[in-house]
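Presented below is the structure to which this report refers.
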Amino acid sequence: MKGPEITIDDIAYAKIFMHALKHSYDDVCGILIGKYCDGDKGGKKCVINNSVPLFHTHMLSPFLNLAFTLVENHYKDKEERIVGYYHISADDSKNVDIKKIKVCELVSEKLVKNYEDALICLVQMSRMQFEEGNCMFMQEDSGQWGNVDVEISLQNREFLKKNISNKGYLNIHDFDDHLNCINYDFMNPNLFNNVHTLLFDYLDFCVDGFISFLLFLVGSNVDNCHVVLHNVDTRKASMDGESARKCNYHMVIMISFWGKTMEGNIRRSDLLGINGSLPLCFAK
């Protein structure tokens, strides 16, 4: 089936999988957010730049309608809008056909009535390790849902791998969670910068502690103590969209001190290098 050119951003792609990984024994579903614009090939282009996780328990129609209304209101003054729906069944064999998932079939019928050019995304979690074929997008044409091509980039996959390896998927919240506790924001605005905030807090703690340790090490025999922050380039990004991919950490701290011992004056230099990875390593 020939359709618009479709691409998906890292964040939208990752959140779909993270939602399913957190609730691996349940069906999960959510909303696809994006925008349509003129494509490079003359036709329309759809850019999916976010996904909103909704349910991991039994879906009730009133709550589904409420969730869609809240998401619509959230984006009413923005360029983006609801462009589709994703569904991942706990029975992976069903994630190849809308008709095999009754709830998905019912939602798809209402989706096409309310949202122009709506998309449905099904995901086979058992094929996560494969380079292609684990994510299937469909669009309605003349009453039938047919497959459409979506560009899944290497960058999409690498971003997902990073947030799986650091167990970031455990921090994602869906609308079910929000109904249980209003403090859980199912829009997940801070999902991808929590780990970076923790990193900087941890670095502050470790650097302070390391300097204190060095001072304690030389004790009262300190002749001269000199601490130099050398080549510090620490950039904090807002962690949304493009900035999340461009964010980089590089901090080099040079600590030098002189300690007087029985043998005479000894100069010690310690170089601490940090490049976005933990635990910290000290080298003499």
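Numbering (numbering that gives the first Met the number 0) for the sequence shown: 0 to 283.
In this text, a Cβ means the ideal position worked out from N, Cα and C, and glycines have one as well.
Decide if residue i is buried, meaning its Cβ has at least 16 other Cβ atoms within 10 Å, or exposed.
i	result
Tyr12	buried
Cys45	buried
Gln154	exposed
Leu59	exposed
Leu65	exposed
Lys14	buried
Glu139	buried
Ser152	exposed
Lys93	buried
His57	exposed
Asn189	exposed
Phe199	Residue confidence for Phe199 is low, a pLDDT of 46 falling below 50, so the modelled location carries little weight; the figure read from the coordinates is stated next. Answer is exposed; the Cβ neighbour count stays below 16.
Val95	exposed
Ile119	buried
Ile181	exposed
Ser50	buried
Tyr24	exposed
Determine the extent of the beta strand (DSSP E) in which residue i is found, giving its start and end residues.
i	result
Asn146	143 to 147
Phe16	Segment 9 to 21 is the alpha helix (DSSP H) holding Phe16; no beta strand (DSSP E) there.
Glu139	134 to 140
Ile119	118 to 122
Can you name the residues that DSSP bridges to residue i?
i	result
Phe191	Looking at the DSSP assignment, Phe191 forms no beta bridge with any residue, so it has no partner.
Arg80	Gly33
Asn64	DSSP lists no partner for Asn64.
His55	Looking at the DSSP assignment, His55 forms no beta bridge with any residue, so it has no partner.
Ser50	Leu31
Lys44	Glu4, Cys36
Asp85	Position check: residue 85 holds Tyr in this sequence, whereas Asp was assumed. Paired residue(s): Gly29, Cys120.
Glu104	None, per the DSSP bridge assignment.
Going straight from the alpha carbon of residue i to that of residue j, what length do you get?
i	j	result
Ser141	Pro3	16 Å
Gln143	Ile97	11 Å
Asn72	Tyr183	18 Å
Asp9	Pro61	31 Å
Glu108	Val102	10 Å
Asn170	Lys112	33 Å
Asn165	Gln123	22 Å
Asn179	Lys40	46 Å
Gly38	Asp91	33 Å
Tyr114	His18	23 Å
Met137	Arg80	18 Å
Lys21	Tyr35	30 Å
Cys134	Gly167	21 Å
Asp175	Asp148	31 Å
Lys75	Phe16	26 Å
Ala89	Gly42	36 Å
Ile5	Asn146	12 Å
Ile7	Glu157	14 Å
Ile47	Leu31	7 Å
Phe54	Glu78	25 Å
Val27	His86	6 Å
Just reading off the alpha helix (DSSP H) that residue i is part of, what are its end residues?
i	result
Phe185	Segment: none, Phe185 is in no alpha helix (DSSP H) and carries neither H nor E.
Leu153	153 to 164
Leu176	Position check: residue 176 holds Asp in this sequence, whereas Leu was assumed. Here the alpha helix (DSSP H) through Asp176 covers 174 to 179.
What is the DSSP secondary structure of residue i, reduced to helix, strand or coil?
i	result
Leu69	helix
Asp91	helix
Lys99	helix
Lys75	coil
Lys112	helix
Tyr24	coil
Closer than 7 Å: is that where the CB of residue i sits relative to any heavy atom of the ligand PLP?
i	result
Met124	Of the ligands one can find in the structure shown there are none, so the ligand PLP has no counterpart to examine.
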